[in-house]
Amino acid sequence: MTPAPELVAALTQSVLPRGICVAARDPTVPSGPHDPAEAAAIAGAVPARVMEFHAGRAAARAAMAALGVPNAPVGMAADRAPVWPAGVTGSISHSATACVAAVGRPENWAGIGVDLEEATALAADLIPEICTSAERAWLGAQPADARGLMAKLVFSAKEAVYKAQYPVTGQVFGFDALEIAIDRDESRFSARFTVAQGRFAVGSIIAGSYAHAAGLLVTGCAVGHSGLGHRADG
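Residue numbers are given in our numbering: position 199 of the sequence shown equals residue 199, and the series is strictly consecutive.
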């Protein structure tokens with residue numbers, strides 16, 4: 001069942017700091033009319049990808065309107081990252097059943113990251129690729145029937161953190177550059193850099209939150225301007 005966009009937006013809002021505006025759209029419902037510049041960026045893609053893309057851009061425009069930003073296209077860079085208009089920083093995530101966008105002011109946030117995943121187990125053969133040895137040890141200590149879902153949560157947290165740090169560093173890196181610690185009691189996570197990335201030193205921490213509802217895992221985090229590169233033990 002496709003979750004209502006209002007619910008997806010509320011779940012996402014719950015995992016992000018105040019002051020960030022969120023909107024969601026249903027990727028199974030046409031979301032026209034489409035901005036020509038945005039449509040050109042996705043020309044030639046398969047229909048499902050086109051629907052997801054335009055739903056995500058519709059969510060982005062709604063979130064920007066809530067932020068008080070004039071309507072403007074959100075392009076796509078060569079690396080597929082959103083190209084936000086001046087005065088906006090943000091993040092978009094797509095799944096088969098929901099699309100969400102979160103935006104804020106660049107003077108308040110250096111980067112924002114959101115990720116939506118279907119709340120299903122991560123394929124077992126992907127766990128060694130995505131999870132570090134410490135993360136796999138933690139998974140092994142979880143109830144057997146929860147390990148696959150918790151592995152998906154580790155993946156989603158890394159995706160959200162990657163999106164949040166990218167506007168700061170402009171760097172692409174693998175899953176092993178981050179190590180996730182999850183607090184299931186508080187529905188929070190922390191991501192520790194295991195490799196220096198731009199202004200983030202080894203040991204730097206980005207903290208975030210997550211929600212698990214309506215068949216979705218939702219993760220979110222935001223990077224402020226103060227403390228970039230700060231080590232948790234320093």
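A virtual CB, placed ideally from N, CA and C, is assigned to each residue, including glycine.
Relative to the C-alpha of residue i, which candidate in the options has its C-alpha closest?
i, options, result
"Ser31", "Met1, Ala78, Asp183 and Ala98", "Ala98"
"Pro27", "Ser95, Glu6, Cys21 and Ala9", "Ser95"
"Ala73", "Lys158, Pro36 and Ala123", "Looking at the sequence provided, one finds Pro at residue 73 rather than Ala. Minimum Cα distance to Pro73 is reached at Pro36."
"Ala58", "Leu16, Ala101, Cys21 and Ala86", "Ala101"
"Gly75", "Leu67, Val88, Gly68 and Ala66", "Val88"
"Gly198", "Ala86, Gln171, Thr219 and Ile182", "Gln171"
"Pro106", "Ile92, Pro85, Ser93 and Ala121", "Pro85"
Please classify residue i: is it buried, with 16 or more other beta-carbons within 10 angstroms of its beta-carbon, or exposed?
i, result
"Glu118", "exposed"
"Gly224", "exposed"
"Gly174", "exposed"
"Gly113", "buried"
"Met51", "buried"
"Leu126", "exposed"
"Glu6", "exposed"
"Gly19", "exposed"
"Met1", "exposed"
"Val22", "buried"
"Val29", "exposed"
"Arg249", "Lying before the first or after the last residue shown, residue 249 is absent from the chain, which here runs from 1 to 234."
"Glu179", "buried"
Kindly indicate which three-state DSSP category residue i falls into: helix, strand or coil?
i, result
"Pro3", "coil"
"Val219", "Position check: residue 219 holds Thr in this sequence, whereas Val was assumed. The answer is strand: DSSP assigns Thr219 an E or B state."
"Gly56", "helix"
"Leu126", "helix"
"Glu186", "coil"
"Pro47", "helix"
"Arg176", "The amino acid occupying residue 176 in the given sequence is Asp; Arg does not appear at that position. Helix at Asp176."
"Glu159", "helix"
Please work out which residues of its chain come closer than 7 angstroms, Cβ to Cβ, to residue i, disregarding the five sequence neighbours upstream and downstream, and give them in chain order.
i, result
"Leu217", "Glu117, Ala119, Lys152, Leu153, Ser156 and Tyr210"
"Tyr166", "Ala81 and Gly111"
Excluding the 5 residues preceding and the 5 following residue i in the sequence, name in chain order all residues of the same chain whose CB lies nearer than 8 angstroms to its CB.
i, result
"Pro128", "Arg136"
"Asp79", "Val172"
Between residue i and residue j, what straight-line distance do the alpha-carbon atoms span, to the nearest angstrom?
i, j, result
"Ala134", "Thr169", "25 angstroms"
"Ala24", "Ala214", "14 angstroms"
"Ala177", "Ser226", "22 angstroms"
"Arg49", "Ala43", "10 angstroms"
"His212", "His34", "31 angstroms"
"Ala222", "Ala45", "30 angstroms"
"Thr194", "Glu159", "16 angstroms"
"Asp145", "Ala124", "13 angstroms"
"Ala62", "His54", "12 angstroms"
"Ala207", "Ala181", "10 angstroms"
Report yes if the C-beta of residue i is less than 7 angstroms from at least one heavy atom of the ligand NAD; otherwise report no.
i, result
"Ala9", "For the ligand NAD, the structure offers nothing, since it holds no ligand at all."
Just to confirm my understanding: we take residue i, look at its own chain, exclude 5 residues before and 5 after, and list those with CB closer than 6 angstroms. What are they?
i, result
"Ser190", "Ala181, Ile205 and Ala207"
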